[in-house]
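Here the structure is laid out as structure tokens; the discussion comes afterwards.
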Amino acid sequence: EGDPITYSYAWTQDGTATSDTSPTISSSDTHHGETWEVTVTPDDGLHAGPSSTSAITIDNTAPEIVSLSLSPLAVYTDDSLTVTVVTQDADGDAVSVSYLWEVDGVAVTETSATLDGRTDFDRDQVVQVTVTPNDGSVDGASMSDSITVLNTVPEATSVEISPTELFTDDDANAVVTILRVPFPQEL
């Protein structure tokens, strides 16, 4: 007949009627696990036509890693390496993270946010961490970062001349006390 048609919308959330009458429900009004149903009724201005209903269950959105950083930016053999992670979850769920540390491609047993160089890595090794977020239902996409361990320079704590009393015919020797030498080095 060519009459303009308008539509009315009636929404229910988990079987309970809502006050929403628009064709769109905002994502901020939904949460995973909820079942939303819409009933649409056409009207040509003279009569309402038969209604049609459709329902959908809201899926869980996986959590995300917003940022990941290793510190310190320059890591040495006797440092601890720490990963800092910022996560988010569109559903508002609490997010936990798991850590996988690898040194030169081999997994280590540490599963916390910190890796100790005194026991887990040495000079010139590549340390990588892979972090995976979980919202209690599903894992999100993992994110990784890596760093190469630098050489720790030895430090001399004291230097003395031996013997303590020198004469013109004596050889003088420097006696060095080393605070740390992470690797065998010649002085």
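Start counting the sequence shown at 12; every next residue gets the next number (the working numbering). Even glycine gets a Cβ: it sits at the ideal position worked out from N, Cα and C.
Run through DSSP, which three-state label would residue 82 get? strand
Compute the distance between the beta-carbons of residue 160 and residue 96, then report whether it is under 7 Å. no
Just grab the DSSP bridge partners of residue 131 for me. Looking at the DSSP assignment, residue 131 forms no beta bridge with any residue, so it has no partner.
Does the distance from the CB of residue 61 to the CB of residue 106 come in under 7 Å? no
Let me confirm a value: residue 83 is counted as buried when at least 16 other C-beta atoms fall within 10 Å, else exposed. Which label applies? exposed
Please classify residue 132 as buried or exposed, where buried requires at least 16 neighbouring CB atoms within 10 angstroms. buried
Considering only their Cβ atoms, is the gap separating residue 93 from residue 124 smaller than 7 Å? yes
Taking the alpha carbon of residue 54 as the reference point, which residue from 91, 13 and 181 has its own alpha carbon closest? 13
CA-to-CA distance, residue 57 to residue 39, given in whole angstroms: 36 Å
Going by beta carbon distance, what residues of the same chain come within less than 8 Å of residue 156, once the five residues before and after it are set aside? 79, 80, 81, 94, 139 and 140
Which residue spans inside the stretch 86-148 form an unbroken alpha helix (DSSP H) run of at least 4? 128-131
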